[in-house]
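Residue numbers (our numbering): 1164 to 1707. Since the structure comes first, as structure tokens, the remarks are kept for the end.
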């Protein structure tokens, strides 16, 4: 009785939504089924996500040897390209992962249910029944008892078939030839086709936008006609724009594979593409004397290589040509995509304005800001691997209405994210302190970099948790809250940016960015901790 009372008290404790963040905190490193599932998705995803920023870091290191003007120019161009890509493409990637995971899960459940129905209709017969029949022919004395025993065994077998989710006996399993055909059969996922179609259009629009408006956009970022950064920045941005369709398609396909909980294939493609980029960089920049243009060409070629690899892999698994356009669910993508677009726009404005303010300080502070920003984003994006894992697992769990697993997965990835952030803070702090010389030899640039180190390193735990909360929101299909909360966070952060920049300059920019990430984290804690929206079940409420 005492044990039952203690169990009830424990259950009551965790029904308070805010306490859910500390549930099973001792198991954060436990390699149980959930832990292994998270790591199997998160680790390859983190490597794939970090690969492109790492390639950009290597670009920065090569270009840094051309001079502070070149590195500052490329820094502004990369900031523009990345922010435009986030606005145009990232909403597509995020909703694709959730929708593909949901559709794939629903189809799997439907298929299993059909198999269950087929098995229930099939006569179940095994060796025991055959032996019984043979025994009945030889002995008529125990016929009534044998018949009762046979019926009992048959009922037990039918119950076992139902409770084991249709793990059928050898007599019911289809032939190896049929199994092989089922494995080779491509999946019909309408969201995958929609994602590729929308991605191709968005990529072309991004190319046109960046090429036609390169100079005005650079002017908005502080690179005016009289700036020495204008010519190299415009060259780099224009050339990178030709790679936009490849970037859009590759990211859309990565979203599809994430929905299948397959993050190894995107990693495989990304590593090959970025390795090619690293090899081509010194060849085009120094051997061919193309400078910043060579860096852009190398990056574009690597993106097309990644897209080709992913497309070849995807065509083997998914039917990319649905029978009718009605199945492509454009309205579903548009509705959720607009919400995520609003969120991404709000987030983009904050980072873009920060880069714009740094550019107005001159080429030397901008070069230092670019180095700090690239390290800040690269290290923080490692937590995005956990966000991807959380999103994929949560989307499947909510589709199955398995809320216990949804809670366990959300808390585990958040706890892992915080631990990862603490580790990153130490690595980034020490790495920048002693290794910033690989990005620039200019002592003035390095001095300003040293000023930004406490902010870049100190915000890592907050950043990691904030990124993980993004994945949790998308996995629970909480797109509306994610959008509205980010708009509010951005409004406050932008106000802080203008005020702090006016009084503290470079340091003020980083204080504002720190406030921005802290508010993002608070918004995520508030949603889950209050048990609202899709997390109503934490308060015992029904989830529609």
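Beta carbons are placed, not taken as given, at the ideal position from N, Cα and C, and that holds for glycine. The structure displayed is predicted, hence computed values, not measured ones.
Range covered by the alpha helix (DSSP H) that runs through residue 1561: Residue mapping note: residue 1561 aligns to position 398 of the chain shown, counting from 1. Residues 1547-1563.
Do residue 1457 and residue 1448 count as a contact pair if the criterion is CB distance below 8 Å? For the purposes of this step, residue 1448 is identified with residue 285 of the chain shown, where counting begins at 1. For the purposes of this step, residue 1457 is identified with residue 294 of the chain shown, where counting begins at 1. Yes, the Cβ-Cβ distance between residue 1448 and residue 1457 is below 8 Å.
Would you mind reading off the limits of the alpha helix (DSSP H) that contains residue 1653? Taking the first residue of the chain shown as 1, we reach residue 1653 at position 490. Per DSSP, residue 1653 belongs to the alpha helix (DSSP H) from 1642-1667.
Counting pairs of Cβ atoms below 8 Å between the segment 1249-1256 and the segment 1545-1558, do you hit three or more? no
Tell me the rounded alpha-carbon separation between residue 1197 and residue 1608. Here residue 1197 refers to the residue found at position 34 of the chain shown. Here residue 1608 refers to the residue found at position 445 of the chain shown. Roughly 45 Å between the two C-alpha positions.
With distances taken from CA atoms, which of 1189, 1234, 1188 and 1365 is nearest residue 1532? Position 369 of the chain shown, counting from 1, holds the residue named residue 1532. For the residues 1189, 1234, 1188 and 1365, the minimum Cα distance to residue 1532 belongs to 1234.
What are the residues that DSSP puts in a beta bridge with residue 1481? Translated into the one-based positions of the chain shown, residue 1481 becomes position 318. Looking at the DSSP output, residue 1481 sits in a beta bridge with 1350.
Rounded to whole angstroms, what's the CA-CA distance from residue 1397 to residue 1534? Just pull it up for me. In the chain shown, counting from the first residue as 1, residue 1397 sits at position 234. In the chain shown, counting from the first residue as 1, residue 1534 sits at position 371. Between residue 1397 and residue 1534, the C-alpha separation is close to 20 Å.
Span of the alpha helix (DSSP H) holding residue 1584? Stepping through the chain shown from its first residue, residue 1584 is reached at position 421. 1566-1598 is the extent of the alpha helix (DSSP H) around residue 1584.
What's the gap between the Cα of residue 1428 and the Cα of residue 1474? As a working note, residue 1428 is residue 265 in the chain shown. As a working note, residue 1474 is residue 311 in the chain shown. If you take the alpha carbons of residue 1428 and residue 1474, they lie about 11 Å apart.
Might you give, ordered along the chain, the residues of its own chain that have their beta carbon closer than 8 Å to the beta carbon of residue 1373, omitting 5 neighbours on each side? Taking the chain shown and counting its residues from 1, one reaches residue 1373 at position 210. Correct list, in chain order: 1243, 1244, 1247, 1380, 1400, 1401, 1403, 1404 and 1407.
Rounding to the nearest angstrom, what Cα-Cα distance links residue 1450 and residue 1463 in this structure? For the purposes of this step, residue 1450 is taken as the residue at position 287 of the chain shown. For the purposes of this step, residue 1463 is taken as the residue at position 300 of the chain shown. So the two alpha carbons sit approximately 18 Å from each other.
Would you mind working out which of 1680, 1455, 1360 and 1393 sits nearest residue 1419, comparing C-alpha positions? As a first step, residue 1419 must be located in the chain shown, where it is residue number 256. Measuring from the Cα of residue 1419, the nearest candidate turns out to be 1360.
With a threshold of 16 other CB atoms inside 10 Å of the CB of residue 1189, please say whether the residue is buried or exposed. As a first step, residue 1189 is located in the chain shown; it is residue number 26 there, counting from the start. Classification of residue 1189: exposed, given that the 10 Å Cβ count is below 16.
Just to confirm my understanding: we take residue 1681, look at its own chain, exclude 5 residues before and 5 after, and list those with CB closer than 6 Å. What are they? As a working mapping, residue 1681 is identified with position 518 in the chain shown. Taken in chain order, the residues that qualify are 1625.
Taking the Cβ atom as the reference point for each residue, do residue 1621 and residue 1588 lie within a distance shorter than 8 Å? Within the chain shown, the letter at position 458 stands for residue 1621. Within the chain shown, the letter at position 425 stands for residue 1588. A contact, by the Cβ cut-off of 8 Å.
Going residue by residue through the segment 1391-1434, where are the continuous beta strand (DSSP E) segments of at least 3 residues, counting only ones entirely within it? none
Taking C-beta to C-beta, are residue 1627 and residue 1580 nearer than 8 Å? Against the chain shown, residue 1627 aligns to sequence position 464. Against the chain shown, residue 1580 aligns to sequence position 417. Contact flag set, yes.
Straight-line gap, residue 1270 to residue 1676 (C-alpha atoms, nearest Å): In the chain shown, counting from the first residue as 1, residue 1270 sits at position 107. In the chain shown, counting from the first residue as 1, residue 1676 sits at position 513. Between residue 1270 and residue 1676, the C-alpha separation is close to 43 Å.
Rounded to whole angstroms, what is the Cα-Cα separation between residue 1678 and residue 1656? Taking the chain shown and counting its residues from 1, one reaches residue 1678 at position 515. Taking the chain shown and counting its residues from 1, one reaches residue 1656 at position 493. Approximately 7 Å, taken between the alpha carbons.
Can we say the segment 1642-1650 touches the segment 1501-1516, given the rule of at least three CB pairs closer than 8 Å? yes
Looking only at C-alpha atoms, which of 1493, 1555, 1595 and 1582 sits nearest to residue 1191? Here the question's residue 1191 lines up with position 28 in the chain shown. Nearest neighbour of residue 1191 by Cα position, chosen from 1493, 1555, 1595 and 1582, turns out to be 1582.
Can you tell me the Cα-Cα spacing of residue 1722 and residue 1585, whole angstroms? Since the displayed the chain opens at 1164 and closes at 1707, residue 1722 lies outside it and no answer follows.
In this structure, does DSSP put residue 1196 in helix, strand or coil? The sequence position of residue 1196 within the chain shown is 33, counting from 1. Three-state DSSP puts residue 1196 in a helix.
Same chain, Cβ closer than 7 Å to residue 1354, neighbours up to 5 away in sequence not counted: On the chain shown, residue 1354 is found 191 positions in, with the first residue counted as 1. Answer for residue 1354: 1259, 1262, 1263, 1266 and 1492, listed in chain order.
Whole angstroms are fine: how far does the CA of residue 1222 sit from the CA of residue 1362? Stepping through the chain shown from its first residue, residue 1362 is reached at position 199. Stepping through the chain shown from its first residue, residue 1222 is reached at position 59. So the alpha carbons of these two residues sit roughly 26 Å apart.
Given residue 1528, which residues of its chain have a CB within under 7 Å of its CB, disregarding the five upstream and five downstream residues? As a first step, residue 1528 is located in the chain shown; it is residue number 365 there, counting from the start. 1521, 1611 and 1669.
Answer yes or no: the CB of residue 1511 versus the heavy atoms of the ligand ZN, is any distance below 7 Å? For the ligand ZN, the structure offers nothing, since it holds no ligand at all.
Mind checking whether residue 1461 and residue 1444 have CB atoms under 8 Å apart? In the chain shown, residue 1461 corresponds to position 298, counting from 1. In the chain shown, residue 1444 corresponds to position 281, counting from 1. Yes, they are a contact pair.
Going by alpha carbons, who is nearest to residue 1224 out of 1555, 1568 and 1455? By one-based count along the chain shown, residue 1224 stands at place 61. Of the candidates 1555, 1568 and 1455, the one whose C-alpha sits nearest the C-alpha of residue 1224 is 1455.
Rounded separation between residue 1702 and residue 1673 - CA only: Residue 1702 sits at position 539 when you count from the first residue of the chain shown. Residue 1673 sits at position 510 when you count from the first residue of the chain shown. Residue 1702 and residue 1673 have their C-alpha atoms roughly 38 Å apart.
Starting from residue 1637, trace the alpha helix (DSSP H) both ways and give me its first and last residue. To locate residue 1637, count along the chain shown from 1; it is residue 474. Note, residue 1637: alpha helix (DSSP H), 1623-1638.
Tell me the rounded alpha-carbon separation between residue 1383 and residue 1350. Counting from one through the chain shown, the residue named residue 1383 turns up at place 220. Counting from one through the chain shown, the residue named residue 1350 turns up at place 187. Taking the straight line from one Cα to the other gives about 46 Å.
Counted within 10 angstroms of its Cβ, other Cβ atoms place residue 1423 as buried (16 or more) or exposed: Taking the chain shown and counting its residues from 1, the one referred to as residue 1423 is at position 260. Residue 1423 is buried by the Cβ-count criterion.
If you draw a straight line from the C-alpha of residue 1212 to the C-alpha of residue 1219, how long is it? By one-based count along the chain shown, residue 1212 stands at place 49. By one-based count along the chain shown, residue 1219 stands at place 56. Each residue's Cα considered, the two are about 12 Å apart.
Please determine, among 1412, 1513 and 1605, the residue with the shortest C-alpha to C-alpha distance to residue 1365. One-based indexing of the chain shown puts residue 1365 at position 202. When each option's Cα is compared against that of residue 1365, the closest is 1412.
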